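Novice:
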Amino acid sequence: MACTFGPAGAAEVDLILIPWYEDDGPAAVPALDAATGGEIARALSTREFQAKPYELFIAAIADKSWRTRRVALIGGGRRLESGSDIVRKLATAGGLAGRQRRLGRVGFMVRGQGEVADLTQAAAEGLTLAEFHAGSYKTTDPAPAPPPGWTIVVDGDTERSKGGEKIREAAARGRVLGESSNLARELANEPGNTLTPREFAMRAAAIAGDAGVKVEILDERMIAELGMGLLLGVARGSSEPPRLMVFRYDPPGAPAKPLLGLVGKGITFDTGGISIKSAEGMERMKDDMAGGAAVACSMRAMALLKAPQRVIGVVPTTENMPGGRAVKPGDILRSAEGKTVEVINTDAEGRLVLGDGLWYARKLGATHLVDVATLTGACVVALGKITSGLFGAPPSWVEQVRRVADRAGDRVWPMPLFDEYRDQLKSDIADFMNTGGRAAGSITAAMFLKEFSGGLPWAHIDIAGTAWADEAKPYLPKGPSGVAVRTLASLAFEEFDV
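Taking our numbering, the leading residue of the sequence shown gets 5, the next gets one more, and so forth.
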């Protein structure tokens with residue numbers, strides 16, 4: 005990915021994408037209208053092009069001094085809303101359009117509200133996200149078009165004002181974050197018969213390990229020695245043995261504390277177990293490890309970007325299957341921490357494996373915790389497919405995670421976590437139940453996880469609605485989204501209170 009400074013006409017590409025906002029006139033980009041022979045002024049005056057979000061207008065370049073032959077204006081809507089998130093989405097939408105046209109070289113001009121470096125990083129992320137292709141098992145379709153060579157174009161005045169190196173670094177940072185998100189999407193897109201827990205562990209270890217992250221994979225014997233009865237209980241119904249992935253990122257010179265602990269749900273296929281799900285839509289449950297993929301791939305990103313904070317990642321992975329040995333409603337499981345859980349619904353398995361995972365992150369010395377999981381359908385009911393649920397304590401830590409997620413383009417919405425919700429988990433025969441019923445289902449699931457946070461600053465991100473796009477959008481094809489990778493990686497650049 006190249007980053008050049010200068011006017012739009014200086015980029016040697018087949019097509020240059022230029023964000024265009026509703027209040028832009030023909031002269032918004034100097035010399036562009038003249039280079040098209042007045043086509044932009046004509047399209048704006050006739051309202052053929054109105055700059056509505058993701059609307060595309062392509063014009064030929066008549067000016068021979070320009071090094072590109074075509075320009076594509078991509079609508080960005082209102083300028084006041086044209087921050088990094090919009091630029092990221094415009095870059096992805098434009099990049100996808102370039103791929104569909106099988107172009108070899110595509111440029112993207114940075115235009116929006118905010119710091120140029122932030123907008124450049126967002127553009128690099130967006131163009132890289134456009135490289136993801138989900139149809140990897142088709143044998144009859146033609147091979148997908150290879151991604152173009154990308155060039156990010158920044159106004160030349162920025163280079164002259166000595167901000168060029170910072171902007172190039174931002175583009176490189178965006179490239180790494182986009183690649184890491186795509187790797188998580190590739191993992192989440194794999195069918196359950198190929199991405200078994202063992203295969204997931206090996207692939208995730210390779211992704212993070214190649215970037216310099218230390219990786220350890222614990223097998224079922226080692227998991228049993230740790231007393232992880234919740235993880236082992238969920239795994240009992242499957243012929244595939246569970247695994248526990250442990251990632252360690254220790255930058256040179258970083259203090260022992262703080263130590264950020266990331267925990268990701270890694271259910272490689274979720275039938276619901278004995279409390280079996282409906283057949284309709286069950287094929288989607290191959291993505292129930294998206295939280296674990298986000299942890300593994302974010303560890304790659306933070307290592308490549310040389311983040312300053314120490315981080316550990318813990319990903320318990322297993323299948324949730326019915327079978328003769330499967331955990332049953334009414335069974336009692338004992339966690340590694342020693343707490344007992346009455347299983348009411350075997351389809352509430354994600355919180356069980358996360359419980360042991362959170363405990364292990366604490367055992368390894370984590371001072372701050374964030375877990376990510378496709379945890380509850382109740383969160384989808386509450387927030388739909390647009391926003392992830394955010395839970396946790398104390399409020400200052402939740403707010404810090406929210407701010408980071410917002411900058412990363414991963415929308416989250418804080419949800420309440422009042423103590424009274426804990427009453428719904430009361431059990432007559434165990435310390436608590438694994439589900440509190442239908443009412444406030446995403447909140448009671450978070451209350452369950454809170455039991456294993458040990459009083460540390462802890463945040464839980466429920467990505468059940470955002471990990472997979474059921475319908476294609478201009479900036480997001482149908483399939484896995486790679487949500488939370490950029491958020492988790494960005495947290496490693498934050499300062500934490502110890």
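From the three backbone atoms N, C-alpha and C, an ideal C-beta is built for every residue, glycine too. On a predicted model such as this, the values are computed, not experimentally measured, just so you know.
Do Ala365 and the ligand HEM come close, with the Cβ less than 7 Å from some heavy atom?
Specialist: Although the ligand HEM was asked about, the structure shown includes no ligands whatsoever.
Novice: Mind checking whether Val357 and Lys290 have CB atoms under 8 Å apart?
Specialist: In the sequence shown, the residue the question calls residue 357 occupies position 353. In the sequence shown, the residue the question calls residue 290 occupies position 286. No; because the gap between Cβ atoms is not below 8 Å, this pair is not in contact.
Novice: Nearest to Leu263 by alpha carbon, out of Leu373, Tyr25, Thr200, Arg247?
Specialist: Looking up residue 263 in the sequence shown gives position 259. Checked all of Leu373, Tyr25, Thr200, Arg247; the closest Cα to Leu263 is Leu373.
Novice: Going along the chain, which unbroken runs of the beta strand (DSSP E) with 3 or more residues stay wholly within the region 258-340?
Specialist: 263-268, 270-274, 314-324, 336-338
Novice: Measuring alpha carbon to alpha carbon, tell me which residue in Ala134, Val157, Thr144, Ile156 is nearest Pro150.
Specialist: To locate residue 150, count along the sequence shown from 1; it is residue 146. The candidate whose alpha carbon is nearest that of Pro150 is Ala134.
Novice: Got a sec? Which residues, its chain only, sit under 8 Å from Tyr425 by beta carbon, not counting five neighbours each side?
Specialist: Counting from one through the sequence shown, the residue named residue 425 turns up at place 421. The residues are Gly440, Ala444, Ile447, Thr448, Met451.
Novice: Please classify Pro201: does DSSP put it in a helix, a strand, or coil?
Specialist: On the sequence shown, residue 201 is found 197 positions in, with the first residue counted as 1. Note: Pro201 maps to helix in three-state DSSP.
Novice: Look at the alpha carbon of Lys56 and the alpha carbon of Ile316, and state the distance between them as a whole number of angstroms.
Specialist: Indexing the sequence shown from 1 puts residue 56 at position 52. Indexing the sequence shown from 1 puts residue 316 at position 312. In a straight line, the C-alpha of Lys56 is about 43 Å away from that of Ile316.
Novice: Does the region 297-317 come close enough to the region 404-411 that 3 or more CB-CB pairs lie under 8 Å?
Specialist: Segments in contact, no.
Novice: Tell me the rounded alpha-carbon separation between Arg511 and Gly182.
Specialist: Here the chain comprises residues numbered 5 to 502, so residue 511 is not present and cannot be evaluated.
Novice: According to DSSP, is Asp351 helix, strand or coil?
Specialist: The sequence position of residue 351 within the sequence shown is 347, counting from 1. DSSP places Asp351 in coil when its eight states are reduced to three.
Novice: Cβ of Thr322 within 8 Å of Cβ of Ala208?
Specialist: Mapped onto the sequence shown, residue 322 falls at position 318. Mapped onto the sequence shown, residue 208 falls at position 204. In this structure, the beta-carbon distance from Thr322 to Ala208 does not fall below 8 Å.
Novice: Could you tell me which of Leu21, Asp214, Pro146 sits nearest to Tyr58, measuring between CA atoms?
Specialist: The count along the sequence shown starts at 1 and reaches residue 58 at position 54. Checked all of Leu21, Asp214, Pro146; the closest Cα to Tyr58 is Leu21.
Novice: Would you report the Cα separation of Glu52 and Ala32, rounded to the nearest angstrom?
Specialist: Counting from one through the sequence shown, the residue named residue 52 turns up at place 48. Counting from one through the sequence shown, the residue named residue 32 turns up at place 28. For Glu52 and Ala32, the distance between alpha carbons rounds to 17 Å.
Novice: For Pro256, count neighbouring Cβ atoms within 10 angstroms of its own Cβ and tell me buried if that reaches 16, exposed if not.
Specialist: As a first step, residue 256 must be located in the sequence shown, where it is residue number 252. Burial call: exposed.
Novice: Using 8 Å as the threshold, is the region 85-99 in touch with the region 35-49, meaning 3 or more CB pairs across them?
Specialist: no
Novice: Would you list the residues sitting across from Trp417 in a DSSP beta bridge?
Specialist: For this step, residue 417 is matched to residue 413 along the sequence shown. Residue pairing by DSSP puts Trp417 in a beta bridge opposite Gly393.
Novice: Closest to Arg179 by C-alpha separation, out of Pro461, Met5, Gly99, would be which residue?
Specialist: One-based indexing of the sequence shown puts residue 179 at position 175. Out of Pro461, Met5, Gly99, Met5 has the C-alpha closest to the C-alpha of Arg179.
Novice: Check whether the region 352-368 touches the region 281-289, taking contact to mean three or more Cβ pairs, one atom from each stretch, closer than 8 Å.
Specialist: no
Novice: In chain order, what residues of the same chain have a beta carbon less than 6 Å from the beta carbon of Asp27, not counting five sequence neighbours either side?
Specialist: Locating residue 27 in the sequence shown gives position 23, where the first residue counts as 1. So the list reads Arg83, once near-sequence residues are dropped.
Novice: So, is Tyr253 buried or exposed, given that buried needs 16 or more other C-beta atoms within 10 angstroms?
Specialist: As a position in the sequence shown, residue 253 is number 249, starting the count at 1. It is buried - the Cβ of Tyr253 has at least 16 other Cβ atoms within 10 Å.
Novice: If you run the structure through DSSP and keep just helix, strand and coil, what is Asp18?
Specialist: In the sequence shown, the residue the question calls residue 18 occupies position 14. Correct three-state label for Asp18: coil.
Novice: Return the first residue and the last residue of the alpha helix (DSSP H) that Trp401 is part of.
Specialist: To locate residue 401, count along the sequence shown from 1; it is residue 397. 399-412 is the span of the alpha helix (DSSP H), which, as asked, contains Trp401.
Novice: Straight-line CA distance for Ala66 to Trp24?
Specialist: The sequence position of residue 66 within the sequence shown is 62, counting from 1. The sequence position of residue 24 within the sequence shown is 20, counting from 1. In a straight line, the C-alpha of Ala66 is about 20 Å away from that of Trp24.
Novice: According to the Cβ coordinates, are Val158 and Cys7 closer than 8 Å?
Specialist: Indexing the sequence shown from 1 puts residue 158 at position 154. Indexing the sequence shown from 1 puts residue 7 at position 3. Their beta carbons are under 8 Å apart, which means Val158 touches Cys7 by this criterion.
Novice: Return helix, strand or coil for Trp70, following the three-state DSSP convention.
Specialist: What you label residue 70 is simply residue 66 of the sequence shown in a count that begins at 1. It is coil, neither helix nor strand.
Novice: Once the 5 residues before and after Ala228 are set aside, which same chain residues still bring their CB inside 7 Å of it?
Specialist: As a first step, residue 228 is located in the sequence shown; it is residue number 224 there, counting from the start. Cβ neighbours of Ala228 beyond the five flanking positions: Leu236.
Novice: From Leu545 to Arg92, what does the alpha carbon distance come to, in whole angstroms?
Specialist: Any question about residue 545 goes unanswered here, given that the chain covers just 5 to 502.
Novice: Return the CA-CA distance between Gly118 and Gln125, expressed in angstroms with no decimal places.
Specialist: Taking the sequence shown and counting its residues from 1, the one referred to as residue 118 is at position 114. Taking the sequence shown and counting its residues from 1, the one referred to as residue 125 is at position 121. Straight-line Cα distance between these residues: approximately 12 Å.
Novice: With 16 as the cutoff for other CB atoms within 10 Å, does Ile433 come out buried or exposed?
Specialist: Taking the first residue of the sequence shown as 1, we reach residue 433 at position 429. The residue in question, Ile433, is exposed, as its Cβ has fewer than 16 Cβ neighbours within 10 Å.
Novice: Which residue's Cα is closest to the Cα of Asp466: Phe395, Glu455, Asp145?
Specialist: Here residue 466 is taken as the residue at index 462 of the sequence shown, counted from 1. If we check each option's Cα against that of Asp466, Phe395 comes out closest.
Novice: Beta strand (DSSP E) containing Ile465: first to last residue?
Specialist: Numbered from 1 along the sequence shown, position 461 holds the residue referred to as residue 465. Per DSSP, Ile465 belongs to the beta strand (DSSP E) from 462-466.
Novice: Could you tell me the alpha carbon to alpha carbon distance between Ser453 and Leu429, rounded to whole angstroms?
Specialist: Here residue 453 refers to the residue found at position 449 when the sequence shown is read from its first residue. Here residue 429 refers to the residue found at position 425 when the sequence shown is read from its first residue. The sequence shown places Leu at residue 453, rather than the Ser named in the question. The straight-line gap from Cα to Cα measures roughly 11 Å.
Novice: Curious, which full-length beta strand (DSSP E) runs of at least 3 residues does the region 49-102 contain?
Specialist: 60-64, 74-79
Novice: Use the C-beta contact count for Leu100: other C-beta atoms within 10 angstroms, 16 or more gives buried, fewer gives exposed.
Specialist: Translated into positions along the sequence shown, residue 100 becomes position 96. Leu100 sits buried, since 16 or more C-beta atoms from the chains shown fall within 10 Å of its C-beta.
Novice: Lys482 by DSSP, collapsed to three states: which one?
Specialist: Along the sequence shown, one-based indexing puts residue 482 at 478. Residue state, collapsed to three classes: coil.
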